[in-house]
Amino acid sequence: QVQLVESGGGLVQPVGSLRPSCVASAIIARFNAMGWYRQAQGKVREMVALITPEGTTNYAESVKERFTISRDNVNNTIYLRAISLKPEDTAVYYCYAQTKAYENYWGEGTQVTVSS
Numbered sequence: 348q349v350q351l352v353e354s355g356g357g358l359v360q361p362v363g364s365l366r367p368s369c370v371a372s373a374i375i376a377r378f379n380a381m382g383w384y385r386q387a388q389g390k391v392r393e394m395v396a397l398i399t400p401e402g403t404t405n406y407a408e409s410v411k412e413r414f415t416i417s418r419d420n421v422n423n424t425i426y427l428r429a430i431s432l433k434p435e436d437t438a439v440y441y442c443y444a445q446t447k448a449y450e451n452y453w454g455e456g457t458q459v460t461v462s463s
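Residues in the sequence shown are numbered consecutively from 348, following the working numbering.
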């Protein structure tokens, strides 16, 4: 079992920034990938950003140039630097990890609300 614990969400004004983080209970360098998904109220969960152990990243079109995913293998943590936030970025953000055995794990989520 892998536990993923998110933190760093919150309420921010439009064009503001946040940096949620996710700590894993396992060595993240051994995962296929880690990343962030989000789910807005009444909508399906969507991929936001993914990162591999080699550092290869993939972003949703809606967040490119505004969000940056990074990883700290020493502390088994990933981050999501989000700038120029928009009201449509409001959602619960979930940390995701996939192991080498293709097991998928999710955190409980952290709420991000962009509102004036």
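We put the CB at the ideal spot given by N, CA and C, even for glycine.
| Item | Value |
| --- | --- |
| Whole runs of the beta strand (DSSP E) within the segment 365 to 435, excluding any shorter than 3 residues | 368 to 371, 378 to 386, 393 to 398, 404 to 406, 414 to 419 and 424 to 429 |
| Where residue 449 sits in the DSSP three-state scheme | coil |
| Residue 431 and residue 352 closer than 8 Å at C-beta | no |
| The segment 370 to 385 touching the segment 441 to 452, judged by at least three CB pairs closer than 8 Å | yes |
| Endpoints, the beta strand (DSSP E) within which residue 359 is located | 357 to 359 |
| Own chain, CB closer than 6 Å to residue 436, minus 5 neighbours either side, in chain order | 461 |
| Limits of the beta strand (DSSP E) - the one that residue 457 falls within | 457 to 461 |
| Reference residue 419, options 401, 410, 433 and 412, closest by Cα | 401 |
| Distance, residue 387 Cα to residue 449 Cα | 26 Å |
| Element boundaries [beta strand (DSSP E), containing residue 349] | No beta strand (DSSP E) holds residue 349; DSSP gives it neither H nor E. |
| Of the residues 447, 427, 399 and 348, the one placed nearest residue 354, counting alpha carbons only | 427 |
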